[in-house]
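Here is the structure we will look at, set down as structure tokens.
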């Protein structure tokens, strides 16, 4: 990807020190893939059809063409899926998943937040955070999951840590780690209203096709919708 602002698709950041020469985000297998079912044109579960990038709609959707018609890809949902499976793969392989911050990020915690972080400290470290509670309930973060390197400011990290340590936010059908990885992926993924170049869109589609569950994001929403040729022809009164 050639856009330096693309979250987690670039590793350049003045506040980051690399823990590993090799980026563990290159892996693509997932132990907890979600799949909402095959789309038209899919011959194998978990496989995308051959898609040609046409352009970007409203800086939020990647317009692609396949043999069965048009596919609109939600760029945020697609990037979420890519990042989730890469993090899961890195954890399975016990690969480094953290980036050291050259300057620690610090902010004050409420008393209940201190208790929650102390309770989940080992789990937070397992998914890539390095943090310490200092005097006066100040949290000092010295490393973050490497997919978050473009989201490193005190406010966004405070919100994320608060969400990860709130037990009421964990769904009944998911583990804490599944909940945490999904939320980290969501925070790190590029958002709607974000311009992508053609080469970035092509890379996004290629990476999505390498995942085990390319048809849904971390939260179960579809990553794409399909408009068949026959449906388009009906809309134009050709059928």
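Residue numbers (the working numbering): 5 to 243.
C-beta atoms are modelled at their ideal positions from N, C-alpha and C, and glycine is treated no differently.
Small disclaimer: the values here were computed from a predicted structure and weren't measured.
Which value, in whole angstroms, describes the spacing of the CA atoms of residue i and residue j?
i: residue 59; j: residue 117; result: 44 Å
i: residue 120; j: residue 147; result: 19 Å
i: residue 160; j: residue 235; result: 43 Å
i: residue 71; j: residue 77; result: 16 Å
i: residue 68; j: residue 204; result: 13 Å
i: residue 200; j: residue 162; result: 28 Å
i: residue 145; j: residue 104; result: 9 Å
i: residue 122; j: residue 128; result: 10 Å
i: residue 222; j: residue 180; result: 14 Å
i: residue 55; j: residue 227; result: 14 Å
i: residue 178; j: residue 154; result: 27 Å
Between the Cα of residue i and the Cα atoms of the options, which residue gives the shortest distance?
i: residue 93; options: 182, 205, 232, 103; result: 182
i: residue 211; options: 188, 152, 84; result: 84
i: residue 124; options: 238, 108, 170; result: 170
i: residue 138; options: 115, 154, 156, 105; result: 115
i: residue 229; options: 187, 54, 75, 222; result: 75
i: residue 197; options: 54, 61, 222; result: 61
i: residue 187; options: 126, 202, 164, 97; result: 164
i: residue 111; options: 126, 136, 99; result: 136
Give every residue of the same chain whose Cβ lies closer than 8 Å to the Cβ of residue i, excluding the five residues on either side of it in the sequence, and list them in chain order.
i: residue 101; result: 28, 91, 94, 95, 131, 132, 149, 150
i: residue 243; result: 234, 237
i: residue 140; result: 112
For residue i versus residue j, is the C-beta spacing smaller than 8 Å?
i: residue 82; j: residue 225; result: no
i: residue 63; j: residue 208; result: no
i: residue 158; j: residue 109; result: yes
i: residue 73; j: residue 231; result: yes
i: residue 152; j: residue 193; result: no
i: residue 215; j: residue 86; result: yes
Sorted by chain position, which residues of the same chain lie with C-beta nearer than 7 Å to residue i's C-beta, five sequence neighbours on each side aside?
i: residue 185; result: 88, 91, 92, 131
i: residue 166; result: 117
i: residue 206; result: 57
i: residue 202; result: 57
i: residue 35; result: The predicted model places residue 35 with a pLDDT of 27, which falls under 50 and marks its position as unreliable, so this point remains unresolved.
Within a Cβ cutoff of 6 Å, which residues of the same chain sit near residue i, ignoring the five residues on either side of it in sequence?
i: residue 218; result: 52, 212
i: residue 134; result: 146, 147
i: residue 195; result: 80
i: residue 126; result: none
Hey, residue i and residue j are a contact pair by Cβ (cut 8 Å); roughly how many whole angstroms apart?
i: residue 143; j: residue 113; result: 5 Å
With respect to 7 Å, is the separation between the Cβ of residue i and the closest non-hydrogen atom of the ligand ATP below this value?
i: residue 179; result: Ligands are entirely absent from the displayed structure, and the ligand ATP is therefore not among its contents.
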